[in-house]
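> Here's a structure for you.
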Amino acid sequence: MRLALYQPDIPQNTGTLMRLCACLNVALDIIEPCGFLLSDKNLKRAGMDYIEHLDMVRHMNWESFKTAHAGKRIVLLTTKTDQSFLDFKFSHDDVLLAGRESAGVPDDVHNECSARITIPMAAGVRSLNVAVASSMVLSEALRQTSQFPHP
Numbered sequence: 167m168r169l170a171l172y173q174p175d176i177p178q179n180t181g182t183l184m185r186l187c188a189c190l191n192v193a194l195d196i197i198e199p200c201g202f203l204l205s206d207k208n209l210k211r212a213g214m215d216y217i218e219h220l221d222m223v224r225h226m227n228w229e230s231f232k233t234a235h236a237g238k239r240i241v242l243l244t245t246k247t248d249q250s251f252l253d254f255k256f257s258h259d260d261v262l263l264a265g266r267e268s269a270g271v272p273d274d275v276h277n278e279c280s281a282r283i284t285i286p287m288a289a290g291v292r293s294l295n296v297a298v299a300s301s302m303v304l305s306e307a308l309r310q311t312s313q314f315p316h317p
């Protein structure tokens with residue numbers, strides 16, 4: 167299981183997800199360009215010393231990411247589908263893809279993903295914070311595939 171962030175905008179969210187991935191032993195892919203420097207102090211503050219325990223790969227662009235994960239199922243977290251993450255059957259080698267905080271992913275990336283899932287929400291609201299949404303979906307994916315780390 168991997169989590170991938172498409173051109174993240176907010177260093178604090180990225181740092182939070184770096185920490186989450188380190189704690190859950192989940193690899194993280196960052197698809198650049200980012201809206202901040204990966205050396206940003208806010209990123210380091212959010213990730214704290216957990217970052218040294220993280221398996222992270224940086225990809226210069228979407229094409230590089232796709233090449234690196236050819237043959238794997240890329241599952242997009244999006245508000246543009248009716249497929250609930252609660253009804254989705256995850257696989258142990260899925261790559262969960264979260265879009266930019268400001269814009270999600272472009273249509274071509276959306277269309278190239280193997281599957282698209284969403285978090286059901288109350289009427290009248292737009293979306294959850296990307297770190298919260300990624301945490302919810304990653305937790306369910308790890309639960310389904312029995313991949314939570316064992317101390």
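Taken in order, the sequence shown gives residues 167 to 317; the numbers are from the working numbering. The beta carbon of each residue, even a glycine, is placed where N, CA and C say it ideally should be. Because the structure is a prediction, the values reported are computed rather than measured.
Return yes when the C-beta of P286 is under 7 Å from any heavy atom of the ligand SAM, and no when it is not.
Questions concerning the ligand SAM fall outside what the structure shown contains, since it holds no ligand whatsoever.
> With a threshold of 16 other CB atoms inside 10 Å of the CB of G290, please say whether the residue is buried or exposed.
exposed
> In chain order, what residues of the same chain have a beta carbon less than 6 Å from the beta carbon of I176, not counting five sequence neighbours either side?
Cβ within range, chain order: E267.
> In terms of DSSP beta bridges, what is Y172 paired with?
I197
> Name the DSSP beta bridge partners of M302, please?
DSSP output for M302 lists no bridge partner at all.
> By the 10 Å Cβ neighbour count, where 16 or more other Cβ atoms means buried, how is F314 classified, buried or exposed?
exposed
> Measure from the alpha carbon of V275 to the alpha carbon of each residue in Q173, M167 and Q178, then state which is nearest.
Considering only Q173, M167 and Q178, the residue with the shortest C-alpha distance to V275 is Q173.
> As an exercise, report each continuous alpha helix (DSSP H) stretch of at least 4 residues that is fully enclosed by the segment 265 to 296, in chain order.
273 to 278
> When you compare only the Cα positions, how much space is there between V192 and H258?
For V192 and H258, the distance between alpha carbons rounds to 11 Å.
> Between the beta-carbon of A170 and the beta-carbon of F231, is there less than 8 Å?
yes
> Am I right that W228 and I197 are in contact with their C-beta atoms under 8 Å? What's the rounded C-beta distance?
6 Å
> Would you mind giving the Cβ-Cβ distance between V241 and C279, rounded to the nearest angstrom? I have them listed as a contact below 8 Å.
7 Å
> Counting only the same chain and skipping the five closest in sequence on each side, list residues whose C-beta sits under 6 Å from that of A264.
Excluding positions up to five away in sequence, the list reads L171, L243, V296 and S300.
> Would you decide whether A288 is buried or exposed? Buried here means 16 or more other CB atoms lie within 10 Å of its CB.
Exposed, because fewer than 16 other Cβ atoms sit within 10 Å of the Cβ of A288.
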